[in-house]
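*Asks:*
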Amino acid sequence: MAGPSGYGQDTAGHGTAHMANPDDIIPRDIRFGILGNAQRHWLEDDIIKTVLIDGLSVFLPEGERFFIRSLKHYAAKMPDRQMAAEINGYAVQEAFHTREHEEYNRAMMSLGYDVEAMEKPIRFGFEVVKNPLHRLAITCAIEHMTATLSTLTLRHPDLLDKAAPAYRRLWMWHALEELEHKAVALDVLQAATPEMSRWQRYMLRVLGMNGTLLPFLVIFLRNVPIYARADGVKTGLRFWLRFIWVTLGYPGYWRRCLPNVLRYYLPGFDPRNSDDAELMRKGREWLANDMPPGSGAAPAGKAG
């Protein structure tokens with residue numbers, strides 16, 4: 002849980018950010034200027050490595066608005082003021098993420114990528130989920146997936162060593178904040194379902210993951226040819242064989258994530274890992290050292 006105020010003081014990625022309490026949720030109002038630094042194939046000049054990350058940004062503005070609505074629905078009903086404050090800190094972080102990824106997606110559009118076509122099924126998928134508890138279960142599942150990717154990023158920052166600086170900074174910042182709030186949605190699910198048995202709650206979150214994983218993969222893989230078309234790249238057999246190699250072989254982004262994604266199916270799953278504190282310390286230190294002066298960061302203050 003966060004400190005007594007609910008979430009930590011924003012240090013804007015500078016100074017002694019790495020000294021913050023590991024349990025703090027720290028909203029950092031940082032602008033990364035992706036639109037002014039828009040770049041094709043910004044990761045190692047490799048379309049496949051880049052689309053694996055750009056493709057995630059396509060999901061994020063709609064997704065993050067969905068997450069905020071899902072948790073805010075329960076905020077006023079939380080008897081624990083600390084948890085209500087955590088929801089608030091979570092929402093502020095996600096609002097900053099939404100802003101930066103909206104700009105990120107506009108940058109892709111400026112390069113000729115058909116972001117609207119890629120976003121359309123994502124928007125529809127979130128809009129059809131009306132039940133608040135179902136929205137919460139899906140939020141829990143997606144937060145686990147994003148936390149898994151974030152853990153990989155913070156454990157292996159070398160994966161972004163050859164990335165364009167603005168993009169590297171944004172994704173390291175995003176990974177750090179996803180790790181800081183990765184337990185909030187499941188904590189809310191626990192608090193929002195006191196009448197459910199442990200097994201009923203387990204089935205709810207498993208169904209949420211089952212309803213998330215397949216649609217995500219289908220939409221993501223559908224979007225890859227749309228993205229490649231803007232670069233004049235044909236997605237034939239050779240393209241897809243290399244795509245499989247990059248995701249499942251080397252560097253094996255999806256292969257490395259799979260064990261932690263599957264942990265979600267364990268009945269006693271807990272999103273908190275033993276090395277979270279060290280990963281967050283490293284992430285905060287990295288961000289404090291790597292952000293250039295005048296990044297546009299502004300303190301967000303503390304929750305009331």
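Read in order, the letters of the sequence shown are residues 2 to 305 in this note's numbering.
Glycine residues also receive a C-beta, built at the ideal position from the N, C-alpha and C atoms.
Return the chain-ordered list of same chain residues with a C-beta closer than 7 angstroms to the C-beta of Gly34, the five sequence neighbours on each side being excluded.
*Replies:* Translated into the one-based positions of the sequence shown, residue 34 becomes position 33. Excluding sequence neighbours, Gly34 sits near Ala167.
*Asks:* What is the DSSP secondary structure of Ala164, counted as helix, strand or coil?
*Replies:* Sequence index remark: in the sequence shown, residue 164 carries index 163 (1-based). Strand.
*Asks:* Going along the chain, which residues of its own chain have a beta-carbon closer than 8 angstroms to the beta-carbon of Ala165, five neighbours each way excluded?
*Replies:* Position 164 of the sequence shown, counting from 1, holds the residue named residue 165. Result list for Ala165: Asn38, Gln40, Trp43, Leu44, in chain order.
*Asks:* What's the C-alpha gap between Arg223 and Met109?
*Replies:* To locate residue 223, count along the sequence shown from 1; it is residue 222. To locate residue 109, count along the sequence shown from 1; it is residue 108. When rounded, the distance between both Cα atoms is 17 angstroms.
*Asks:* Assuming the contact rule is C-beta atoms closer than 8 angstroms, Arg156 and Leu280 should be a hit. Round their C-beta distance to whole Å, please.
*Replies:* As a working mapping, residue 156 is identified with position 155 in the sequence shown. As a working mapping, residue 280 is identified with position 279 in the sequence shown. Between Leu280 and Arg156 the Cβ distance is about 7 angstroms, and since that is below 8 angstroms, they are a contact.
*Asks:* Report the rounded CA-to-CA distance for Ile88 versus Leu242, giving the unit in angstroms.
*Replies:* Here residue 88 refers to the residue found at position 87 of the sequence shown. Here residue 242 refers to the residue found at position 241 of the sequence shown. Rounded to the nearest angstrom, the two C-alpha atoms are 42 angstroms apart.
*Asks:* So with Cβ pairs under 8 angstroms, would you call Ala165 a contact of chain D?
*Replies:* Absent from the structure: chain D. Only one protein chain is present.
*Asks:* With DSSP collapsed to three states, give me the class of Leu112.
*Replies:* Translated into the one-based positions of the sequence shown, residue 112 becomes position 111. Coil, per DSSP.
*Asks:* Distance, Cα to Cα, Leu267 vs Ala148?
*Replies:* Translated into the one-based positions of the sequence shown, residue 267 becomes position 266. Translated into the one-based positions of the sequence shown, residue 148 becomes position 147. In a straight line, the C-alpha of Leu267 is about 17 angstroms away from that of Ala148.
*Asks:* Determine the extent of the alpha helix (DSSP H) in which Leu218 is found, giving its start and end residues.
*Replies:* For the purposes of this step, residue 218 is identified with residue 217 of the sequence shown, where counting begins at 1. Leu218 -> alpha helix (DSSP H) spans 199-230.
*Asks:* Mind the definition here: the region 213-221 touches the region 168-188 only if three or more C-beta pairs lie below 8 angstroms; say whether that holds.
*Replies:* These segments do not touch.
*Asks:* Quick check: the region 128-146 against the region 200-217, are there 3 or more CB pairs under 8 angstroms?
*Replies:* At 8 angstroms Cβ cutoff, the stretches touch.
*Asks:* How many whole angstroms separate the CB atoms of Ile69 and Ala86, which I take to be in contact at a CB cut-off of 8 angstroms?
*Replies:* As a first step, residue 69 must be located in the sequence shown, where it is residue number 68. As a first step, residue 86 must be located in the sequence shown, where it is residue number 85. The pair is not a contact, with the Cβ atoms about 15 angstroms apart (cut-off 8 angstroms).
*Asks:* According to DSSP, what are the bridge partners of Leu36?
*Replies:* Locating residue 36 in the sequence shown gives position 35, where the first residue counts as 1. The partner list for Leu36 (beta bridge, DSSP) is empty, contrary to what the question assumes.
*Asks:* Here's the rule: buried if 16 or more other CB atoms are within 10 angstroms of the residue's CB, otherwise exposed. What is Arg29?
*Replies:* Position 28 of the sequence shown holds residue 29. Under this definition Arg29 is a buried residue.
*Asks:* Answer yes if the region 173-182 comes into contact with the region 118-132, meaning at least three C-beta pairs across the two stretches below 8 angstroms, and no otherwise.
*Replies:* As far as the Cβ criterion goes, the region 118-132 does not touch the region 173-182, which means the pair count is below three.
*Asks:* Where Arg257 and Ala76 are concerned, what is the direct C-alpha to C-alpha distance, given to the nearest angstrom?
*Replies:* Sequence index remark: in the sequence shown, residue 257 carries index 256 (1-based). Sequence index remark: in the sequence shown, residue 76 carries index 75 (1-based). If I take the Cα positions, the gap works out to 34 angstroms.
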